[in-house]
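Worksheet: one structure, shown below.
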Amino acid sequence: MSYTHFTIAERSKIETLRDLGFSIRRIARILGRAPSSVSRELNRNPYYQCNQAQERYKQKKTNCGAKSKLTSEIKEKVQEKLTLTWSPEQIVGRLFQGKISFKTIYRWLYYGLLQVPLSVLRQKGKRQKPKETRGRFNIGTSISKRPKDVKKRTTFGHWELDTVVSGRGQAKGCVATFLERKSRWYLAIKIPNRSASSMEGAIRKLTTLFPETAFQSFTTDRGKEFSCYPVIEEDLSIPVYFADPYSSWQRGSNENSNGLLREFFPKRTNFDHVEQEELQKALYLINNRPRKCLGYRTPHEVFMKGVLHLI
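Number 64 in this note's numbering belongs to position 64 of the sequence shown; there are no gaps in the numbering.
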């Protein structure tokens, strides 16, 4: 038989019967309760008054519930990282593994317990790519001839290249994007158009930023802007490999990071009106989010460690 707590009506009877001098056994018999239950109730509440006993019971019931994990310290850290565009999964993986779940952070957001808007949650989902309109070429080394360790991401210095363009009919300005495969570190450089000479200039700028040994290979598609590859291979001694047609998954990391950049600069963006400083702010946020695939380290941390080993 399961135990039920005394009701306020029962507590009122206990108070009245106790004042009349009834024994504990007699009170228990009248209430249909065990004498031990009545005895414990009276021992918990000296100078028995039913209202005080009921309030004490309510307080104990409240206190015995699960304690909220949203301390002021956790709240401050979660709000800070959400503002920095971290996802709840990234926050938990980096800061609170084993303490709270990412679903808890979602609940705090939906219940209005955090002082940040729901808009801080980044939008996910597959994006439909526009039909390809740029010219292509069919020469160059196929990705099938690329060293196998590049695919495994075991060595540092292998890059994926791509372009992110302005909205259709907006402008010719676009962004050359580069991603180091092992660290997922991502860089975007503004270029005036999608020409081979513009891409060559961006690649040369990239290679001045880090030691020569930080550039072991480039992998890209066969868009016309990458027809500059013979110059890159000859002048910079960096082999260039080309993905198969309609196989964007072969450059999946760069494609994914382009999607992250689009969260800041949607498809209708006119990159002629975007300053490099604006790009840098977005890149800072992207590269300083912890990644599950990196053991919740950030691309910046992994990349800088790789670069330091080359110096």
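Even glycine gets a Cβ: it sits at the ideal position worked out from N, Cα and C.
- Closest in C-alpha terms to residue 68, from the list 211, 46, 108 and 193, comes 108.
- The continuous beta strand (DSSP E) containing residue 219 extends over residues 217-220.
- Per DSSP, the unbroken beta strand (DSSP E) holding residue 162 starts and ends at 158-165.
- For residue 186, the uninterrupted beta strand (DSSP E) run begins and ends at 185-191, by DSSP.
- Residue state for residue 179 is assigned as strand, using DSSP reduced to three classes.
- DSSP, reduced to helix, strand and coil, places residue 223 within a strand of the structure shown.
- Note on geometry: alpha-carbon atoms of residue 310 and residue 152 lie some 20 Å from one another.
- Residue 257 counts as buried, since at least 16 other C-beta atoms from the protein chains shown sit within 10 angstroms of its C-beta.
- Looking from the CA of residue 4, the closest CA among 17, 15 and 31 belongs to 31.
- Taken in chain order, the whole beta strand (DSSP E) runs of length 3 or more contained in the region 204-278 are 217-220 and 240-242.
- For residue 43, the enclosing alpha helix (DSSP H) stretches over residues 35-44.
- With respect to residue 242, residue 140 sits close: the two C-beta atoms are nearer than 8 Å.
- Of the other Cβ atoms in all chains shown, 16 or more fall within 10 Å of the Cβ of residue 82; this residue is therefore buried.
- Annotation: the continuous alpha helix (DSSP H) that includes residue 299 extends over 299-308.
- Residue 254 and residue 160 do touch by the CB rule: their CB atoms are close to 4 Å apart, below 8 Å.
- Relative to residue 216, the option among 227, 233 and 225 whose CA is nearest is 233.
- Contact between the region 193-206 and the region 162-182 is present: three or more C-beta pairs spanning the two stretches fall below 8 Å.
- Residue pairing for residue 142: DSSP places it in a beta bridge opposite 242.
- DSSP, read as helix, strand or coil, puts residue 25 in helix.
- Taken atom to atom, the span from the alpha-carbon of residue 42 to that of residue 99 is near 40 Å.
- Bounds of the alpha helix (DSSP H) holding residue 78 are 72-83.
- DSSP links residue 174 through a beta bridge to 165 and 191.
- For a cut-off of 8 Å, the C-beta gap from residue 90 to residue 290 is around 5 Å, short enough to register as a contact.
- In the structure shown, the three-state DSSP call for residue 11 is helix.
- Residue 229 is classed as buried because its beta carbon has at least 16 other beta carbons within 10 Å across all chains shown.
- Comparing alpha carbon positions, the residue from 181, 250 and 270 closest to residue 193 is 270.
- Here residue 150 is not near residue 184, since their CB atoms are 8 Å or more apart.
- If you compare the alpha carbons of 47, 87, 24 and 164 with that of residue 36, the shortest gap goes to 24.
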